[in-house]
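Residue numbers 61 to 408, in this note's numbering, belong to the letters of the sequence shown in order.
For reference, the structure discussed in these notes is given below.
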Amino acid sequence: MRRSTLLLIFQFLVPVFQICAFGLLLNDDFHNIPIAVFNEDKLLGSMFLKEINTKTINQLPVDSIDDGVKLVLNGEALATIHIWSNFSGSLIERFQNHEKLSTDVIQASSIHIRYDTTSLLMTHFLNEFFYESSLAGDPIYGLTKANMRDFLGAAVVIGLAFLQAAGLSAVLFIIDKTGGLLDRNYVSGVTSLEVLGGHVLTQLGVIVIQLGIILVFATEVFGITNHGSVLLVIILSILSGTTGMCFGFLISTICNNAVSAIMLSVSILFPNYFISGLMVSTITAHEFIQTISPILPLNLPFEAIRWIMLRGRGFTWTHVWLGFLVMFSWLAVFLVLSVIVIYLKRRF
């Protein structure tokens with residue numbers, strides 16, 4: 061480590077950049093969302109538009125609905141609002157004679173909104189903003205106003221821990237081999253297990269510091285919800301980092317150069333992240349994904365950290381201890397495979 065001070069500093073700064081990028085991007089306080097507005101009704105229609113939060117919605121008045129659609133097509137607005145000319149009269153009639161209403165009256169007394177649904181997250185937010193129901197009861201789990209930051213943030217905590225540790229250790233043995241240090245260790249009588257153990261103990265300190273940075277920024281700076289035990293979150297995060305480190309060691313023992321190590325680790329990690337339910341829960345995924353995802357290193361740990369942080373469950377809850385068990389099992393598998401690969405390469 062002393063030989064690579066700049067690299068070590070970089071390893072401490074990378075988690076800061078990553079968690080800050082995540083926290084700033086997934087901001088629940090959306091503002092200045094451009095919406096094209098064509099209002100043909102100057103009474104109740106204007107009153108409705110005045111009640112819209114101007115901090116959240118940036119109303120762009122247009123002279124026709126076609127002009128509003130053009131703004132959306134050109135990427136200058138995310139939706140259109142069209143209020144018909146007979147909106148006020150039709151709305152009054154709708155309240156006074158709600159038992160016998162024609163389709164024309166219902167259409168005229170409605171606010172017509174069209175979205176650019178290619179921006180899925182923004183579409184969901186606008187749907188909630190314009191159509192928030194007053195009939196929904198208190199949620200069983202979570203907050204009344206659900207948000208993506210908490211759902212993704214819980215998984216990102218251990219996901220970043222795994223990724224950072226894997227990246228830190230994926231080239232360690234390669235550096236030792238190319239520098240001749242590994243051969244000198246073997247000549248002096250050091251065993252493969254001792255070499256691996258030395259790297260594990262050395263890198264563990266770096267991982268703990270990285271995790272501390274990630275957790276502080278996630279919970280204190282960006283306010284990711286945690287209703288559960290902080291100790292369980294810390295232990296699972298350290299376990300995730302240690303497992304990622306052992307995965308990196310395995311990659312480092314298999315590959316002969318840094319380029320192949322990076323390519324192999326990226327090829328394995330990114331599909332694993334998506335299949336494991338980082339972005340969306342695998343409960344609604346294809347049957348094939350539901351079958352293979354529980355045996356992956358991160359699927360059940362992702363669920364475990366969400367049960368801890370978002371639902372406040374403890375270690376005795378099945379979903380929680382299963383996450384710990386899977387992570388610990390993969391840690392052991394990666395360690396054993398690393399030792400076997402080192403031994404076989406020494407012999408052959």
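All residues carry an ideal CB built from backbone N, CA and C; glycine is no exception.
Remark: C-beta atoms of Leu120 and Ile95 approach each other more closely than 9 Å. For Val165, there is no enclosing beta strand (DSSP E); the residue is found in the alpha helix (DSSP H) stretching over 163-168. For Phe98, the uninterrupted beta strand (DSSP E) segment begins and ends at 93-99. If you draw a straight line from the Cα of Gly249 to the Cα of Asp243, it is about 10 Å long. Ranked by Cα distance from Leu310, the options Gly227, Pro361, Thr285 are led by Gly227. C-alpha of Val132 to C-alpha of Leu186: approximately 15 Å in a straight line.
Distance from the Cα of Asp123 is smallest, within the candidate group Ser320, Phe98, Phe108, Leu382, for Phe98. Under the three-pair Cβ rule at 8 Å, the stretch 250-259 does not count as touching the stretch 328-346. Beta bridge pairing from DSSP links Ala318 with no other residue.
The alpha-carbon separation between Asn317 and Ser398 amounts to approximately 16 Å. Cβ contact annotation for Ser150 (same chain, cutoff 6 Å, sequence separation greater than five): Val165, Ala168, Ser169, in chain order. Per DSSP, the continuous alpha helix (DSSP H) segment holding Pro361 begins and ends at 359-369. Comparing C-alpha distances from Ile368 to each of Ile328, Val276, Asp210 shows the shortest one belongs to Asp210. Between the alpha carbons of Leu161 and Tyr175 lies a distance of about 27 Å.
Under the three-state reduction of DSSP, Ile171 is assigned to coil, being neither helix nor strand.
Going by DSSP, Ile267 is part of the alpha helix (DSSP H) stretching over 252-276. Taking C-beta atoms as the reference points, Ala225 and Ser325 fail to come closer than 9 Å. Judged by beta-carbon spacing, Ile284 lies within the 9 Å limit of Ala214, meaning their Cβ atoms are closer than that value. Using a 10 angstroms sphere on the CB of Ala364, the tally of other CB atoms reaches 16 or more, which defines it as buried. Look at the beta carbons and you see the stretch 272-280 not touching the stretch 344-364: under three pairs across the two are nearer than 8 Å. Here DSSP, grouped into helix, strand and coil, assigns Leu299 to helix. In this structure, Ala139 is the residue among Gly135, Lys102, Lys130, Ala139 with its C-alpha nearest to the C-alpha of Ile117.
By the 16-neighbour rule on beta-carbons within 10 angstroms, Asp126 is exposed. Secondary structure of Leu120 (DSSP, three-state): strand.
With respect to the 9 Å criterion, Leu296 and Ile355 are not classified as neighbours on the basis of their beta carbons. A straight line joining the alpha-carbon of Leu391 with that of Leu85 spans about 32 Å. As the crow flies, the alpha-carbon of Leu223 is around 10 Å from that of Val216.
By the Cβ neighbour-count rule, Asn134 is exposed, with fewer than 16 other Cβ atoms within 10 Å of its own. If you draw a straight line from the Cα of Gly304 to the Cα of Ile298, it is about 10 Å long. For Thr351, the enclosing alpha helix (DSSP H) begins and ends at 347-352. With respect to Ile93, Ile141 sits apart: the two C-beta atoms are not nearer than 9 Å.
Only buried fits Arg366, as 16 or more other CB atoms lie within 10 angstroms of its CB. In the three-state reduction of the DSSP assignment, His142 falls in the strand class.
The C-beta separation of Phe394 from Phe307 comes to about 5 Å, placing the pair in contact by the 8 Å criterion. According to the DSSP assignment, Thr238 belongs to the alpha helix (DSSP H) that extends over 232-239. Between the C-alpha atoms of Ile267 and Ile294 there is a straight-line separation of about 12 Å.
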